[in-house]
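Please read the structure below before turning to the comments.
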Amino acid sequence: MTETRLKQEEIPVEMLKSQSRINISWQIIFAGFMFFFMYLPILVLAFYSFNESRYSARWQGFTLKWYVTLFQDEAILKALKNSLIVGFSAIIIAAIVGTLMAVGLSRYRFRGKSLYLGVSYLPLIIPDIAIAVATLVFLAAVQINLSIWTIIAAHIVFCLAYIGLVVSTRLSDLDPHLEEAALDLGATPIQSFIQVLLPQLMPGIVSGCLLAFVLSLDDLLIASFTSGGGAVTLPMEIFGRIRTGVKPDINALSVVLILTSGAIAFLGEFIRSRSEQSQRK
Amino acid sequence: MTVSPSKPKNESKIGKRTLPEWLGPLALLGPAGVWLFLLLVLPTVVIFQLSLVPGIQPGDRVIPSGLDNFCLVLGFENCRFADFDPVFLQTIGRSLFFATGTTLICLLLGFPVAYWLAVDTPKRWRTLLLLAFVLPLWTSSLLRSYAWKTILRPTGVLNSLLGVVGIPPLDLLHQSSAVFIGMSYSFLPYMVLILYASLEKLDKRLLEAAADLGANPIEVFWKVTVPQTLSGIAAGSLLVFISGLGDFVNPELLGGASSMTVSRLIYDQFLGVARDWGFGSALSMVLILAVSVAIAGLIRFGEATPKK
Chain A
20 MTETRLKQEE IPVEMLKSQS RINISWQIIF AGFMFFFMYL PILVLAFYSF
70 NESRYSARWQ GFTLKWYVTL FQDEAILKAL KNSLIVGFSA IIIAAIVGTL
120 MAVGLSRYRF RGKSLYLGVS YLPLIIPDIA IAVATLVFLA AVQINLSIWT
170 IIAAHIVFCL AYIGLVVSTR LSDLDPHLEE AALDLGATPI QSFIQVLLPQ
220 LMPGIVSGCL LAFVLSLDDL LIASFTSGGG AVTLPMEIFG RIRTGVKPDI
270 NALSVVLILT SGAIAFLGEF IRSRSEQSQR K
Chain B
1074 MTVSPSKPKN ESKIGKRTLP EWLGPLALLG PAGVWLFLLL VLPTVVIFQL
1124 SLVPGIQPGD RVIPSGLDNF CLVLGFENCR FADFDPVFLQ TIGRSLFFAT
1174 GTTLICLLLG FPVAYWLAVD TPKRWRTLLL LAFVLPLWTS SLLRSYAWKT
1224 ILRPTGVLNS LLGVVGIPPL DLLHQSSAVF IGMSYSFLPY MVLILYASLE
1274 KLDKRLLEAA ADLGANPIEV FWKVTVPQTL SGIAAGSLLV FISGLGDFVN
1324 PELLGGASSM TVSRLIYDQF LGVARDWGFG SALSMVLILA VSVAIAGLIR
1374 FGEATPKK
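Sequence lines, in order, name chains A and B. All letters in the first sequence, in the order written, are residues 20 to 300 by this note's numbering. All letters in the second sequence, in the order written, are residues 1074 to 1381 by this note's numbering.
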């Protein structure tokens, strides 16, 4: 190491500069490779979904027949419907309850607050399987029949955590004086909440909901444990099919889902960054 | 995770209105509190109680009667020390091995990417490139693992490409290597996100100063960059480690029969053939304990590192 240091001191400035340029290009190549790595599985699925032969990696002609099979597959469509019901119901309830929670946590100081806060973050930390087990065991203990509603109830728990987190972050950036001003000008607490605070929180709520929706759409374990076989969600259906054998239309389904959730994620990020910009102005 | 500071000033103001003082906190914090208590706190208590019942089947009466299930996790059936069988300890060990290995791989691959994004990329491109890098995270994790299956299987994409170059086919699927590839791929975006946040705050003047004072790039990296981003490295590693410890999909789809992990073992106790809820609950408690230890370790580590 001392050797290289001595050498560097002897090298003229121009050469040092060219050396640093080489350094940068090494990093670009590595980063480029990692970007390729991130998108490789998605590209492969897309490739197979349009390939006439799905069993070999060789291109045997363009086809849309896997997409046709997919949209005629009743089991997939039913699972998709269930997943959408679960996702929408869970995020609507979680958005309301989670926003109230975030506002309450930012506004009040009370005994046991750190405990409350810790519990609300738990779903982000505990592995899915543990949450799934706990919910199943509890529902069995209180003898509630498993159905699509129990999946929704379980999904609300982690949706609540994510929406609460995103809304809390947004709240901490807000100007508290606006709400105080509204109260001073005679608004009731409920009026100031709905007319002043809520519009300001909206971008956070929306992006929290989108995040929670994508996570709900992706959840396999919690849904498997809490459905009792009564309602099959999309990940459960896909998991069953992947395990029992390779089905041609799963690749097509992957492409549809990837495009949809990619678009949702992009939309969420767009809303968030735009609201951040407008706040800075 | 930031928490906004409390504003007691507001509190007193609301108190002056016509509504009683306890109504506000109750309306805001009550619903979430009830929900979290019913579906998170209470269930955890119930699985702890259940873990103390040996050999329970669904529908049995719950009478906590001993630590047999925890003995079984450690390899002692009925808590007798005579016949020791570490098969479940091996499963726990394997989960730890996968999680640790994945954390190291993600750190090794993620750091250069995060560094490049946060330090070397022009500012207006940063957010867009970061978003592009983590975008696959929002797509179905199940389907991404499935894609790796298509890549790694004997007649898959990888071996077709290797065949073109003339390299003999690799047998990666159903091995630990496939699990590592799938898990590292799944959790790399988390690592990059957290490292990026920490590297973005890096004081570049210190890097220049170190270089001016004669440090070579390796010394700059170890003595300036790493200490400044240590908390980010620790947080990213913890997140990947915990996610890896509980991962179900990747070992299940990419690993072989010898890739049994804790998650799969728990799954079998509840939804599979084994059907031993007490033992499954004990395993869940062990998993929760392992995660808690990891988090406590990080907090201790955070307290031990000198603040700037």
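Glycine included, C-beta positions come from ideal geometry on N, C-alpha and C.
Within chain B, ALA1105 have C-beta atoms less than 7 Å from the C-beta of GLY117 of chain A, given in sequence order.
In this structure, the straight-line span from the alpha carbon of ILE1224 of chain B to that of PHE1253 of chain B is close to 14 Å.
The three-state secondary structure of PHE1321 of chain B, taken from DSSP, is coil. Only residues of its own chain outside the window of five on either side were considered, and among them LEU1246, LEU1326 and LEU1327 have a CB closer than 7 Å to the CB of LYS1222 of chain B, listed in chain order.
Cβ contact annotation for SER72 of chain A (same chain, cutoff 6 Å, sequence separation greater than five): GLN79, in chain order. Nearest to LEU1268 of chain B by C-alpha distance, out of B:VAL1237, B:LEU1203 and B:LEU1234, is B:LEU1203.
Of the residues assessed, GLN1342 of chain B falls on the buried side of the cut-off, its CB having 16 or more other CB atoms within 10 angstroms. Contact of TYR58 of chain A with chain B is assigned, a C-beta pair being separated by under 8 Å. Contact of GLY227 of chain A with chain B is not assigned, every C-beta pair being separated by 8 Å or more. Across the set B:ARG1167, B:LEU1318 and B:THR1200, the C-alpha of B:ARG1167 shows the shortest separation from the C-alpha of MET1333 of chain B. Our two residues, LEU1140 of chain B and MET1358 of chain B, have alpha carbons roughly 12 Å apart in a direct line. Residue-level contact check: TRP1189 of chain B touches chain A, since one or more beta carbons of chain A fall below 8 Å from its beta carbon. Taking a beta-carbon distance threshold of 8 Å, PRO146 of chain A counts as an interface residue toward chain B. If you check each beta-carbon in the segment 159-173 of chain A against every beta-carbon of chain B, the ones closer than 7 Å belong to ALA159, ALA160, ALA172 and ALA173.
Taking 8 Å as the cut-off, the beta carbon of ILE112 of chain A is found no closer than this to the beta carbon of ILE48 of chain A. The segment 1185-1204 of chain B makes contact with the segment 1273-1288 of chain B: 3 or more CB pairs, one atom from each, lie closer than 8 Å.
By the neighbour-count criterion, in which 16 or more other beta carbons inside 10 Å mark a residue as buried, LEU1181 of chain B falls on the exposed side.
Residue-level contact by beta carbon fails for THR1298 of chain B and chain A, as no gap is shorter than 8 Å.
By the CB criterion at 8 Å, TYR181 of chain A and LEU103 of chain A fall outside the cutoff. For GLY281 of chain A, the chain B residues whose C-beta falls within less than 9 Å of its own C-beta are LEU1208, PRO1209, TRP1211 and THR1212, listed in chain order.
Boundaries of the alpha helix (DSSP H) around TRP1198 of chain B: 1196-1207. For secondary structure counted as the alpha helix (DSSP H) over 4 or more consecutive residues, the segment 77-153 of chain A holds these complete runs in sequence order: 84-90, 93-126 and 132-144. Between ILE171 of chain A and VAL105 of chain A a beta carbon distance of about 5 Å is seen, short of the 8 Å cut, so the two are scored as contacting. Remark: C-beta atoms of PHE1260 of chain B and LEU240 of chain A do not approach each other more closely than 8 Å.
For ILE175 of chain A, at least one C-beta of chain B is nearer than 8 Å to its own C-beta. Counting only unbroken stretches of 4 or more residues, the alpha helix (DSSP H) elements lying wholly within the segment 1275-1339 of chain B are 1277-1285, 1290-1293, 1299-1318 and 1322-1327, in sequence order. C-alpha of ASP194 of chain A to C-alpha of LEU124 of chain A: approximately 16 Å in a straight line.
Contact check for VAL1297 of chain B against LEU1280 of chain B passes: the beta carbons are separated by less than 8 Å.
Rounded to whole angstroms, ALA121 of chain A and PHE232 of chain A show a C-alpha spacing of 19 Å. Taken in chain order, the members of the segment 228-258 of chain A whose beta-carbon sits within less than 7 Å of a beta-carbon on chain B are VAL233, ASP237, LEU239, LEU240, SER243, PHE244, PRO254, ILE257 and PHE258. Residue contact with chain A for TRP1221 of chain B: present (Cβ-Cβ distance below 8 Å to some residue of chain A). Contact annotation for SER1357 of chain B against chain A: ILE148, ALA149, VAL152 and ALA153 [CB-CB distance below 8 Å, chain order]. The Cβ atoms of VAL185 of chain A and GLY227 of chain A lie closer than 8 Å to each other.
Secondary structure in the segment 173-245 of chain A: the alpha helix (DSSP H) runs of 4 residues or longer, each lying completely within the stretch, are 195-203, 208-211 and 217-237 in chain order.
Approximately 6 Å separates the beta-carbon atoms of ILE95 of chain A and GLU256 of chain A; this is inside 8 Å, confirming the contact. Taken through DSSP and simplified to helix, strand or coil, ASN70 of chain A comes out as strand.
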